[in-house]
Structures are given as structure tokens and as C-alpha cells.
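FYI, the numbering for the sequence shown is 2 to 343, going by our numbering.
Read the structure below first, then the notes.
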Amino acid sequence: MKYLLLSIFFFQFLLSSSNPPLDESKFFKQQSEIQAIIDEQFPPSKEVLTGIEEIDEEDSFLSEILDNEAAQYLDAITTLEVAIPIDHFEKAEIDAIFLEKEQSQSLYSSYEKSPKIIFKNQRFKISLKTTITTDEFDKIETRFINHENVSILNPDNEWSYGNKNNFYNTYFFKVKSSSFIMPSIQVLMYKNGKIFEIVTLKAKKITYTDVAEDNENFSNVIAKNLEIITHKTKQYTNNQLLTILELKAEQGNLEDFNLKSFKEQGVNSIEDNSINQTAIYYAIIPIYTKRISFEYYNSEMNNFVKIQSQVVLKNELVSTQTDLNPNNSNILLYKKILFGSF
Numbered sequence: 002m003k004y005l006l007l008s009i010f011f012f013q014f015l016l017s018s019s020n021p022p023l024d025e026s027k028f029f030k031q032q033s034e035i036q037a038i039i040d041e042q043f044p045p046s047k048e049v050l051t052g053i054e055e056i057d058e059e060d061s062f063l064s065e066i067l068d069n070e071a072a073q074y075l076d077a078i079t080t081l082e083v084a085i086p087i088d089h090f091e092k093a094e095i096d097a098i099f100l101e102k103e104q105s106q107s108l109y110s111s112y113e114k115s116p117k118i119i120f121k122n123q124r125f126k127i128s129l130k131t132t133i134t135t136d137e138f139d140k141i142e143t144r145f146i147n148h149e150n151v152s153i154l155n156p157d158n159e160w161s162y163g164n165k166n167n168f169y170n171t172y173f174f175k176v177k178s179s180s181f182i183m184p185s186i187q188v189l190m191y192k193n194g195k196i197f198e199i200v201t202l203k204a205k206k207i208t209y210t211d212v213a214e215d216n217e218n219f220s221n222v223i224a225k226n227l228e229i230i231t232h233k234t235k236q237y238t239n240n241q242l243l244t245i246l247e248l249k250a251e252q253g254n255l256e257d258f259n260l261k262s263f264k265e266q267g268v269n270s271i272e273d274n275s276i277n278q279t280a281i282y283y284a285i286i287p288i289y290t291k292r293i294s295f296e297y298y299n300s301e302m303n304n305f306v307k308i309q310s311q312v313v314l315k316n317e318l319v320s321t322q323t324d325l326n327p328n329n330s331n332i333l334l335y336k337k338i339l340f341g342s343f
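Written out as C-alpha cells, the structure is:
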């Protein structure tokens, strides 16, 4: 009797485990299928693929050194001290050695260019100029302090030499809320590995405003330029299409791209170098949709620009071939049919 009860309990456990919540299963199934289609039609670049390599013995040895573990090299024990990463958001203080010196006149910093008005989610830049009148320094560094609700997108950006002892840098920022405070910016000069001079620039006063709150066609993107690189469409179900846009923006915020007319949509594969962005946008749209139309705000021209792209369906699937609803059909069979070449 004891073993019979255990068997019944185990059988019930298997039944309960084999029936996960239906909605959750559908959701993950749909997301995996969409991502598979995106990966098939927009494969990663060769550089990305070649960058993924297995760790060899040499890399493992290097990892041990970086972990500050003892390592034997040429019959000697070598321990590498790992440098503490710079906190670009911590207020800097001058080393005690230099506090007794009078105020130096060798470091000058100023704002080179900054906007007066910014919009919600806009990616904007602030350019700095620093003049150094001495050759006796190791490096210069930037820190951002006392800011709220502001994202600094490239805080580690290095200074570049211009001419006549002038150095230049450009930082990109993003603000999502009207209750924000721009950072004060500290420019630090190092000598012998220690800070010996600091210039602090007061936070810039910038006006914040929302843009196109009532514009149903606004894509939430504010950019110097935005364009569609590629547009592909496949049949997704008997009455739906999966349309995919490859987007490119200059000084834009493609991560916020959204079209109010579609419920199921998303942004994937964002590549960003602070100035330029590329991204893959997908949406499940009604089968009768003829074109994708949206607007973005051009920060260079200070007006809205309309973009349209025709929905061209390739390799239409007919319902007699298979059940086209991915929630009901076999995933592998569905993918084999859907992955026909464009």
C-alpha cells in the first residue's frame, strides 16, 4: 500500500510538471521564434563572431595573474597588483603633497559647446576644451559629480590632443525626467600617479521640455538623422505579419523606438558608439498593412521628419501547407517554412 501511494503521488507530480502556465509558455515561445527569425535574416557581423573564442591555456594563465594569484614564470614568483578602476562619479581630492602649493596656473577648462534646450529621451552632447601650459603631467581625467536623473553615456571617453597645448573631449548625456540636475564636471591633471591640479566646471543650465506628446505617429526618437537600412516582412500567422526594420541613427535614441499603432513590438541588437546607432526593430502587424509610417524629431532642423516604408510580403505561406499559428504548430516545422530565403 505504501508503494502504491508513492507511485500515485509521483504520477500526479509528473502531470502537474508537464503543464506550465499557458500564457507564459506562449510568451517565451513567441519571443524565441521572433529572435530566431531576426538572427537568421540579420546575422551578427564577422567581427562579433570572431571575437567569441574559447579560453586557451595562455588566457587561463593570464587570468590567474589578473586574479592576483601566485604564478611561476622563468623560475620566479610574479604577483600582479590589479589597478582599482576609476570611479568617474566620485568627487576627486588633491593629494596632500600638493595642498601646500599655491594655486597653479597650468590647467584651464571650459565648455566648448552645449545645448540650451533638450527634449525627453534626447541624446545630446557637451564638448569640453582644456588647455595645459606645462609638459610635466602624466594624464588628464574627467569626473561627473552631484547630478540626478542624468545618464552619462560615455564617461570613460579619453581626451584628444588638438594643438597649442589644447585638449578636447565630447560627452553624451540622456535625460528621461524633468526633475534632473546636470553634473558639475571636474577635470583632473595627474603627476607621478597623483592628482595635483583640479578644475571644476559648474553645471550647465539646460531647459527641458517634452516633444510631441499628442503626436500618435511619433516614434519617440530624437536624432540628427534617422533612416531605414533594410525592411523585411514574413507571414507570421494566418492573419498577421512579422515585419523587421534595420534602423540607423546619428545622435539618436533607438533604444526608445516605439510605434503606438502596434501592440507586439520590440527593439533588439542595438550597436552603439555614442554618435551612431544601429538597431533591429520588429513588430507583429495585421496582414492587411500596406506600409510602415512614423515620424522622428530632427534635432538639427528642429522639426518632425516623416518616414515611410512599403510592406512587401515575400514567400507568402498558404494555410493548406501547415497550421500557421506558431502557438499551435510544431516549432521546428514552422521555422523550416518561415526561413525560406527572401
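Positions of the beta carbon are idealized from the N, C-alpha and C atoms, including for glycine.
Short Cβ contact (9 Å threshold) for residue i with residue j
| i | j | result |
| --- | --- | --- |
| Q241 | L314 | no |
| L248 | A280 | yes |
| T171 | I127 | yes |
| I245 | I39 | yes |
| K175 | V151 | yes |
| L129 | Y191 | no |
| N299 | N226 | yes |
| S275 | F173 | yes |
| E251 | I308 | no |
| V222 | F258 | yes |
Straight-line gap, residue i to residue j (C-alpha atoms, nearest Å)
| i | j | result |
| --- | --- | --- |
| M302 | S115 | 17 Å |
| E214 | N166 | 46 Å |
| E149 | Q266 | 31 Å |
| V312 | R292 | 5 Å |
| D157 | T143 | 8 Å |
| Y283 | V268 | 7 Å |
| D76 | K195 | Bear in mind that the predicted position of D76 carries a pLDDT of just 43, short of 50, making it too unreliable to give a figure here. |
| K233 | N164 | 48 Å |
| Q32 | L189 | 47 Å |
| N155 | Q278 | 14 Å |
| E54 | T290 | Caution applies to E54, whose pLDDT of 42 falls short of 50 and renders its modelled position unreliable; the value that the coordinates give is listed next. Answer to the nearest angstrom: the Cα atoms are 43 Å apart. |
| S270 | D136 | 44 Å |
| F263 | N147 | 40 Å |
| I133 | A204 | 22 Å |
| N193 | L202 | 24 Å |
| N239 | I285 | 12 Å |
| I288 | D273 | 33 Å |
| D139 | K177 | 37 Å |
| S180 | S310 | 37 Å |
| L108 | L255 | 38 Å |
Element boundaries [beta strand (DSSP E), containing residue i]
| i | result |
| --- | --- |
| P287 | 277-287 |
| T208 | 208-210 |
| N269 | 266-273 |
| V315 | Strictly speaking, residue 315 in this sequence is Lys, with Val absent from that position. Per DSSP, K315 belongs to no beta strand (DSSP E) and is neither H nor E. |
| P294 | With the sequence shown as reference, residue 294 is identified as Ser, and Pro is not the correct amino acid for it. From DSSP, the beta strand (DSSP E) with S294 extends over 292-299. |
| E251 | 241-251 |
| F219 | 219-224 |
| E113 | 108-114 |
| K195 | 195-202 |
| S185 | 185-192 |
Buried or exposed (CB count within 10 angstroms, at least 16 for buried), residue i
| i | result |
| --- | --- |
| E198 | buried |
| E159 | exposed |
| K261 | exposed |
| K121 | buried |
| G253 | buried |
| P184 | buried |
| S220 | buried |
| N131 | The sequence as given places Thr at residue 131; Asn does not occur at that position. Buried. |
| E217 | exposed |
| Q106 | exposed |
| Y297 | buried |
| S110 | buried |
| I182 | exposed |
| I35 | buried |
| I186 | buried |
| I230 | exposed |
Below-9 Å beta-carbon distance, residue i vs any chain C residue
| i | result |
| --- | --- |
| E142 | The structure shown contains no chain C, having only a single protein chain. |
Contact test: residue i Cβ vs the ligand COA heavy atom, cutoff 8 Å
| i | result |
| --- | --- |
| K192 | Questions concerning the ligand COA fall outside what the structure shown contains, since it holds no ligand whatsoever. |
*Taking only runs that begin and end inside the region 119-182, name each unbroken beta strand (DSSP E) of 3 or more residues, in chain order.*
124-133, 140-146, 151-153, 167-176
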